[in-house]
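Peer 1: Heads up: the protein sequence lines correspond to chains A and B, in order. Whatever position you read off the first sequence (first residue = 1), add 31 for the numbering used here. Whatever position you read off the second sequence (first residue = 1), add 46 for the numbering used here. Below: one structure in structure tokens.
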Amino acid sequence: MRKAIAPIVAVIIVGAGLATFFALHKLPEPVTSTYFLMDTVLTIKTTGGDATAINKHLHALASNVDSMTSYYKSESETVHVNAAAGKGPVSVSPEYAALLKAAVAVETIDHGRTFDIAIAPISSLWGFTTKDFRVPAAKEISDTLAYSHSDELVLSGTTAQLRDSRARIDLGGIAKGYSLDVMEEYLLTVKPQPRQVIVDFGGNLLLYSGGRKHDWKIGIRDPRGQGIIGYVRSGDAFVATSGDYQRYFERDGKRYCHIIDPTTGYPGTLNQSTTVITTIQPMHGALGDALGKVFFCSTAETQRSLFHTVQGQGITGIVIVDAAGARSTLGPITLVPTAVQ
Amino acid sequence: MKRSDRITGLIILAAIALVAVSWIVMHRTPGTLAVIHVDGKVIATVDLTSREPQTLHITGVLGPMVIVADGKGSIRVTESTCPDQICVRTTPARSPGDQVICVPNHMVITVEGKGTGIDALAQ
Numbered sequence: 032m033r034k035a036i037a038p039i040v041a042v043i044i045v046g047a048g049l050a051t052f053f054a055l056h057k058l059p060e061p062v063t064s065t066y067f068l069m070d071t072v073l074t075i076k077t078t079g080g081d082a083t084a085i086n087k088h089l090h091a092l093a094s095n096v097d098s099m100t101s102y103y104k105s106e107s108e109t110v111h112v113n114a115a116a117g118k119g120p121v122s123v124s125p126e127y128a129a130l131l132k133a134a135v136a137v138e139t140i141d142h143g144r145t146f147d148i149a150i151a152p153i154s155s156l157w158g159f160t161t162k163d164f165r166v167p168a169a170k171e172i173s174d175t176l177a178y179s180h181s182d183e184l185v186l187s188g189t190t191a192q193l194r195d196s197r198a199r200i201d202l203g204g205i206a207k208g209y210s211l212d213v214m215e216e217y218l219l220t221v222k223p224q225p226r227q228v229i230v231d232f233g234g235n236l237l238l239y240s241g242g243r244k245h246d247w248k249i250g251i252r253d254p255r256g257q258g259i260i261g262y263v264r265s266g267d268a269f270v271a272t273s274g275d276y277q278r279y280f281e282r283d284g285k286r287y288c289h290i291i292d293p294t295t296g297y298p299g300t301l302n303q304s305t306t307v308i309t310t311i312q313p314m315h316g317a318l319g320d321a322l323g324k325v326f327f328c329s330t331a332e333t334q335r336s337l338f339h340t341v342q343g344q345g346i347t348g349i350v351i352v353d354a355a356g357a358r359s360t361l362g363p364i365t366l367v368p369t370a371v372q
Numbered sequence: 047m048k049r050s051d052r053i054t055g056l057i058i059l060a061a062i063a064l065v066a067v068s069w070i071v072m073h074r075t076p077g078t079l080a081v082i083h084v085d086g087k088v089i090a091t092v093d094l095t096s097r098e099p100q101t102l103h104i105t106g107v108l109g110p111m112v113i114v115a116d117g118k119g120s121i122r123v124t125e126s127t128c129p130d131q132i133c134v135r136t137t138p139a140r141s142p143g144d145q146v147i148c149v150p151n152h153m154v155i156t157v158e159g160k161g162t163g164i165d166a167l168a169q
């Protein structure tokens, strides 16, 4: 009889062990929150920690950045600087001054000058600020280009000045990435730490797993349809995508996207999408966001030489889908193609 | 064969069956589901595996919208009261992770379902 009990006990122990393994193996349920700001969607998915409170706080941080940088909100620092164009320097907050400096720093990386926060008057010409789209005449564009250049912006400590009264700045090309920087800085201080946080802010991703070093699988959206063309792997990162497929208008069968090439004053047509992956470091969210536009408005040749310049600065890799739909990558990343679904 | 051996055998078989059943239940792939949000709240879900075409008349924050699931696995916005009509132009959503967004109406359609293994979508 005693012999019969031993295997029963063994089975119970093994069973209990398996049950415990499965129970512990399951992650806590993620909390997903969706918000609307900066004319786009902010989706935050937090797993573990005080997820609901974390999502709320991250949204509040993004709202603060919006209030500071908005091109439209009357109390923003951008509106303040723009309203004083041609009238002399205005004082700005240290945070805003730092963001302006970061934006101008990207412009200096880029010899071709394909990112410029002072391109706003050209974007207005095309109707991207009012959504009253039109194709401007070549003369209008060349006249407006003369003052749509960040050479008009003079930064000194915490003062900013636009020299020409018609010059305007718009931080829309860097503010979402910068919001992710602010969020990441906060996440580092949260106790208890969440297991995972995925923030998707209108094409800019923050992938955060704290010290867990999660191996993320990032799907690359098909620029000419739904679904993905493949995926890349990365540790915690900022991932910024610039594409011609979300904000654009069509006239006479031609597509005009919202990303303007500051050298020509016309929407970029060289690529369908560019995705820039940067490491989790201060201001790298903003850097990736701005560089996305730089690579979007560059030829394959310029992309390669630019990549050599920025490679040591926290840029992990870049995924490019060119105007013909051809895919390529720069840096030590591999695009694993998915079978057509 | 002893009686106790037979009992042990039965118990082991039962244990294996239990583990197998719980494994299958836990890893079962759910049907592809389109979840429609307005202003962050779920207002409708549509089973995209259903062969029945379905038309939904919903209200976004700006006004009425029409959403059509075609009965072949795709869902799209066909009418919207918004200035830019980006949502109407968006390619219909069908695979897990696909989205159709109308920012002015605070409306998001997200396709959910397991099987992609993708953590996040760069778009």
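Each residue gets a CB set at the ideal place from its N, CA and C atoms; glycine is no exception.
Starting from the N-terminal side, write out each stretch of the alpha helix (DSSP H) that is 4 residues or longer and does not extend beyond the segment 77-121 of chain A.
Peer 2: Entirely contained in the segment 77-121 of chain A, the alpha helix (DSSP H) runs reaching 4 residues are, in chain order, 82-100, 108-114.
Peer 1: For valine 371 of chain A, decide whether its Cβ has a neighbour in chain B, counting only Cβ atoms nearer than 8 Å.
Peer 2: Because valine 371 of chain A carries a pLDDT of 48, less than 50, the predicted location of this residue cannot be relied on, and the following value inherits that uncertainty. Not closer than 8 Å to any Cβ of chain B, the Cβ of valine 371 of chain A fails to qualify, so no.
Peer 1: Quick check: the segment 289-301 of chain A against the segment 254-264 of chain A, are at least 3 beta-carbon pairs closer than 8 Å?
Peer 2: The segment 254-264 of chain A, when compared against the segment 289-301 of chain A, does not touch it at the 8 Å Cβ threshold.
Peer 1: If you count every other CB in all the chains shown that lies within 10 Å of the CB of glycine 208 of chain A, and 16 or more means buried, which is it?
Peer 2: Glycine 208 of chain A is buried by the Cβ-count criterion.
Peer 1: With DSSP as the reference, label proline 225 of chain A as helix, strand or coil.
Peer 2: The answer is coil: DSSP assigns proline 225 of chain A none of H, G, I, E or B.
Peer 1: Spell out whether any CB of chain B is found under 8 Å from the CB atom of valine 72 of chain A.
Peer 2: Closer than 8 Å: yes.
Peer 1: According to DSSP, is methionine 153 of chain B part of a helix, a strand, or is it coil?
Peer 2: The answer is strand: DSSP assigns methionine 153 of chain B an E or B state.
Peer 1: Label proline 142 of chain B either buried or exposed according to how many other C-beta atoms from any shown protein chain fall within 10 Å of its C-beta, with 16 as the threshold for buried.
Peer 2: It counts as buried.
Peer 1: Please report how far the alpha carbon of glutamine 227 of chain A lies from the alpha carbon of methionine 314 of chain A, in whole angstroms.
Peer 2: Distance between the alpha carbons of glutamine 227 of chain A and methionine 314 of chain A is about 21 Å.
Peer 1: What in chain B is Cβ-close to glycine 234 of chain A, meaning under 7 Å?
Peer 2: What glycine 234 of chain A touches in chain B: Gln169.
Peer 1: What alpha helix (DSSP H) runs, 4 residues minimum, are completely inside the segment 126-214 of chain A?
Peer 2: Complete alpha helix (DSSP H) runs here, min 4: 151-157, 169-176.
Peer 1: Hey, how far is the Cα of aspartate 147 of chain A from the Cα of tyrosine 217 of chain A?
Peer 2: Going by the C-alpha atoms only, they are around 28 Å apart.
Peer 1: Give the C-beta separation of glycine 348 of chain A and threonine 360 of chain A to the nearest angstrom, bearing in mind that I take them to be a contact with Cβ-Cβ under 8 Å.
Peer 2: Confirmed, about 6 Å.
Peer 1: For proline 76 of chain B, collect the residues of the same chain with a Cβ closer than 7 Å to its Cβ; drop the 5 residues on either side in sequence, then sort them by chain order.
Peer 2: Confidence in proline 76 of chain B is poor, its pLDDT being 45 and thus under 50, which makes the residue's placement unreliable; the coordinate value appears in the next sentence. Answer for proline 76 of chain B: Gly159, Lys160, listed in chain order.
Peer 1: In three-state terms, what does DSSP make of glutamate 281 of chain A?
Peer 2: If DSSP states are grouped into helix, strand and coil, glutamate 281 of chain A belongs with the strands.
Peer 1: Here's the rule: buried if 16 or more other CB atoms are within 10 angstroms of the residue's CB, otherwise exposed. What is arginine 52 of chain B?
Peer 2: Exposed, since its Cβ has fewer than 16 Cβ neighbours within 10 Å.
Peer 1: Would you say glutamate 98 of chain B and glycine 117 of chain B are within 8 Å of each other, going by their C-beta atoms?
Peer 2: Yes, they are a contact pair.
Peer 1: With the cut-off set at 8 Å, would you say proline 125 of chain A and isoleucine 260 of chain A are in Cβ contact?
Peer 2: No, they are not a contact pair.
Peer 1: Restricting to Cα atoms, I'd like to know which of A/Asp195, A/Glu332, A/Asp70, A/Val96 is closest to histidine 180 of chain A.
Peer 2: Comparing Cα-Cα distances from histidine 180 of chain A to each of A/Asp195, A/Glu332, A/Asp70, A/Val96, the minimum goes to A/Asp195.
Peer 1: Please confirm if leucine 176 of chain A has its CB atom under 8 Å from at least one CB of chain B.
Peer 2: Answer no: the Cβ-Cβ gap between leucine 176 of chain A and chain B never drops below 8 Å.
Peer 1: Sort out for me which residues DSSP pairs glycine 250 of chain A with in a bridge.
Peer 2: According to DSSP, glycine 250 of chain A bridges with A/Tyr262, B/Leu167.
Peer 1: For valine 371 of chain A, count the other beta carbons within 10 Å of its own beta carbon; 16 or more makes it buried, fewer makes it exposed. Which is it?
Peer 2: Note on valine 371 of chain A: pLDDT 48, under 50, position unreliable in the model; the coordinate value appears next. So valine 371 of chain A ends up on the exposed side.
Peer 1: Interface residues of chain A around isoleucine 164 of chain B at Cβ under 8 Å?
Peer 2: By Cβ distance, chain A contributes Lys248, Ile249, Gly250, Ile259, Tyr262.
Peer 1: Using 8 Å as the Cβ pair cut-off and three pairs as the minimum, do the segment 156-169 of chain A and the segment 70-90 of chain A touch?
Peer 2: Segments in contact, no.
Peer 1: Can you say whether glycine 79 of chain A is buried or exposed, counting buried as having 16 or more other CB atoms within 10 angstroms of its CB?
Peer 2: The residue is buried, with at least 16 neighbouring Cβ atoms inside 10 Å.
Peer 1: In three-state DSSP terms, what is threonine 75 of chain B?
Peer 2: Residue confidence for threonine 75 of chain B is low, a pLDDT of 45 falling below 50, so the modelled location carries little weight; the figure read from the coordinates is stated next. Looking at threonine 75 of chain B - three-state DSSP - the assignment turns out to be coil, as it is neither helix nor strand.
Peer 1: Mind listing which residues of the segment 219-233 of chain A have their C-beta closer than 7 Å to chain B's C-betas, in chain order?
Peer 2: So the close ones are Ile229, Asp231.
Peer 1: Quick check: the Cα distance between valine 27 of chain A and arginine 140 of chain B, rounded to an integer number of angstroms?
Peer 2: The requested residue 27 of chain A is not part of the displayed model; chain A covers only 32 to 372.
Peer 1: What are the start and end residues of the alpha helix (DSSP H) that includes threonine 333 of chain A?
Peer 2: Where threonine 333 of chain A is concerned, the enclosing alpha helix (DSSP H) stretches over 331-341.
Peer 1: Check each candidate in B/Leu56, B/Ile104, B/Ile164, B/Ala115 and name the one with the smallest Cα separation from histidine 83 of chain B.
Peer 2: Nearest C-alpha to histidine 83 of chain B: B/Ile104.
Peer 1: Would you kindly check if the distance between the Cβ of phenylalanine 269 of chain A and the Cβ of leucine 237 of chain A is under 8 Å?
Peer 2: A contact, by the Cβ cut-off of 8 Å.
Peer 1: Give, in chain order, every residue of the segment 138-165 of chain A whose Cβ lies closer than 7 Å to some Cβ of chain B.
Peer 2: Cβ contacts with chain B come from Lys162.
Peer 1: Going by DSSP, what residue range makes up the beta strand (DSSP E) through cysteine 148 of chain B?
Peer 2: From DSSP, the beta strand (DSSP E) with cysteine 148 of chain B extends over 145-148.
Peer 1: Here's the rule: buried if 16 or more other CB atoms are within 10 angstroms of the residue's CB, otherwise exposed. What is leucine 94 of chain B?
Peer 2: By the 10 Å Cβ count, leucine 94 of chain B comes out buried.
Peer 1: So the beta strand (DSSP E) valine 88 of chain B belongs to, where does it begin and stop?
Peer 2: Residues 87-93.
Peer 1: Once the 5 residues before and after leucine 131 of chain A are set aside, which same chain residues still bring their CB inside 7 Å of it?
Peer 2: Here the set comprises Leu186, Ala191.
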